Amino acid sequence: MSTVPPPLQPQAAPRATHTPDGAPKFISPLAKSILVVCIVSAISWAGCAVLAVVLHQWAWLQELTAGSDLSWMPPSLLWFGRHAVAVNLAMTALCVAGAVSCWGLLRRLNWALQLFIVLLVLTAVLNFFVVWVVDDIFRQLALHLPAAVDDIDQGELRSELVVQRILYTGISLATAVSFAVLHAWLLVRLRRPDVKAWFAR
34 MSTVPPPLQP
44 QAAPRATHTP
54 DGAPKFISPL
64 AKSILVVCIV
74 SAISWAGCAV
84 LAVVLHQWAW
94 LQELTAGSDL
104 SWMPPSLLWF
114 GRHAVAVNLA
124 MTALCVAGAV
134 SCWGLLRRLN
144 WALQLFIVLL
154 VLTAVLNFFV
164 VWVVDDIFRQ
174 LALHLPAAVD
184 DIDQGELRSE
194 LVVQRILYTG
204 ISLATAVSFA
214 VLHAWLLVRL
224 RRPDVKAWFA
234 R
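Heads up: the sequence shown begins at 34 in the numbering used here, then just goes up one per residue.
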């Protein structure tokens with residue numbers, strides 16, 4: 034007595050990880066999305082640089098800052114104020130470099146892949162530098178601002194600044210760690226043999 038074998042269940046096709054021409058599928062959407070972000074960011078930083086130039090040439094602002102006691106302001110904030118144009122131009126250049134690397138990724142240029150990897154590491158480090166700057170600003174404000182403000186409860190103001198320091202430093206640190214993890218994952222993915230082989234063709 035024969036038995037009828039059960040019908041074969043259809044199996045899902047394996048998920049494709051490469052395009053028909055052999056390119057890793059994540060390269061194109063990654064490069065295009067970051068390209069847009071870099072272009073928008075470059076325009077924004079360039080606009081900030083122009084604004085910084087205008088403010089530096091504004092006589093009223095120069096007279097105001099020259100005659101004011103700014104000893105309560107954090108040194109890092111004063112430094113950024115004095116070098117606002119250079120900082121904004123440097124960030125503009127960084128964003129332009131990111132846009133160029135993304136453009137090169139879309140055209141399968143090996144130097145663009147190497148530049149993109151360098152920028153991943155650099156921006157991850159800069160994110161942690163921002164954490165230090167934020168923490169330093171609030172630390173200096175909590176130390177010096179209450180004594181420079183009249184008609185206010187100095188203890189209450191100092192307590193509020195301490196709370197804000199914890200809050201904003203924590204947010205900045207969480208953001209930096211999140212992006213560092215993402216950048217590390219991208220770095221590992223971009224160093225895989227299939228990606229290196231694609232750009233080496």
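In this text, a Cβ means the ideal position worked out from N, Cα and C, and glycines have one as well.
Computed from a predicted model, the values in this text were never measured in an experiment.
Around the beta carbon of asparagine 121, 16 or more other beta carbons lie within 10 angstroms, which makes this residue buried.
Taking a contact as a CB-CB distance under 8 Å, the pair glycine 131 and cysteine 81 does not count as one, their CB atoms being some 17 Å apart.
Three or more Cβ pairs closer than 8 Å define a contact, and the segment 56–66 meets that threshold against the segment 137–147. Around serine 205, the same chain offers Val163, Val164, Val167 as residues with beta carbons nearer than 7 Å, after the five sequence neighbours per side are excluded. Shown here for arginine 198: same chain residues with a beta carbon closer than 7 Å to its own, the five before and five after excluded, namely Asp168, Phe171, Arg172, Ala175 in chain order. Relative to the Cα of alanine 64, the nearest Cα in the group Ala230, Leu223, Ala233 belongs to Leu223. Taking the Cα positions, cysteine 135 is about 16 Å away from lysine 229. Alanine 123 sits away from histidine 89, with the two beta carbons spaced by 9 Å or more. Assignment of proline 107 by DSSP, reduced to helix, strand and coil, places it in the coil class. Contact annotation, histidine 216 with alanine 145: C-beta distance approximately 17 Å; criterion of less than 8 Å not satisfied. If only uninterrupted alpha helix (DSSP H) runs of at least 4 residues are considered, none is enclosed by the segment 133–165. CA-to-CA, the gap between methionine 106 and phenylalanine 113 works out to about 11 Å.
Each residue's CA atom was taken as its position, placing valine 221 and glycine 203 some 27 Å apart.
Counting the other Cβ atoms within 10 Å of the Cβ of threonine 125 gives 16 or more, which makes it buried.
Going by beta carbons, valine 129 and alanine 75 fall inside the 9 Å limit.
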